[in-house]
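Chemist: Take this structure, written in structure tokens, and hold onto it; I'll ask about it next.
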Amino acid sequence: MAKVTKRADGPRFEIQVQDRIVKGEGVFVRVYGEMKIGAKEKVYARDLGLRTIQLLMLQPEHGTHNPYTTGVWIYRKGELDNYASIDIFSMDGYEMYLNAQVSVSAATTLPYDGSLWLGFIALGE
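Residue 35 in full-length UniProt numbering sits at position 35 of the sequence shown, and the numbers go up by one each step.
Below is the structure:
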């Protein structure tokens with residue numbers, strides 16, 4: 001059963017699996033799931049059940065033949081309660097914003113609400 005969380009001002013998270021792994025003296029947590037998010041939104045470590053984000057890998061799930069690409073920038077890797085900023089682009093170079101539409105009519109229009117489901121894998125503490 002997925003753990004669902006939704007921030008009032010941000011994305012929705014469905015966490016499928018959370019593993020705690022001990023390697024020697026180090027401990028890290030691996031989280032798998034999905035998020036519905038728009039570009040320029042932030043993912044905080046606490047949203048994923050982590051104390052800090054070290055790595056965040058994203059896979060777009062768009063359900064159409066219009067491909068999207070994602071980018072991640074992690075602020076202060078290794079520090080407590082850091083965050084990752086997400087960028088989402090269509091192949092035509094339009095950036096997706098929450099609750100926004102593309103101003104130019106194109107074959108690769110963005111989803112109606114400006115956000116996209118992304119599968120993710122996160123590593124942290």
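Note that the Cβ used here is the ideal one computed from N, Cα and C, for glycine as well.
In this text the structure is predicted, and so the values were computed from the model without any measurement.
Contact criterion: CB-CB distance below 8 Å. Does Gly38 meet it with respect to chain C?
Modeler: Judged by its chain identifiers, the structure shown contains no chain C, having just a single protein chain.
Chemist: Spatial neighbours of Ala2 within its chain, please: C-beta separation below 6 Å, excluding the five flanking residues on both sides.
Modeler: If we look at Ala2 and ignore the five residues flanking it on each side, its Cβ neighbours are Glu14 and Gln16.
Chemist: Figure out for me which residue from Glu125, Val43, Arg30 and Met35 has the closest Cα to the Cα of Glu79.
Modeler: Minimum Cα distance to Glu79 is reached at Glu125.
Chemist: How would you label Gly36, buried or exposed, when you count the other beta carbons within 10 angstroms and need 16 or more for buried?
Modeler: The question names Gly, but residue 36 in the sequence shown is Lys. Buried, because 16 or more other Cβ atoms sit within 10 Å of the Cβ of Lys36.
Chemist: Determine the extent of the beta strand (DSSP E) in which Pro60 is found, giving its start and end residues.
Modeler: Counting along the chain, the beta strand (DSSP E) containing Pro60 begins and ends at Ile53 to Glu61.
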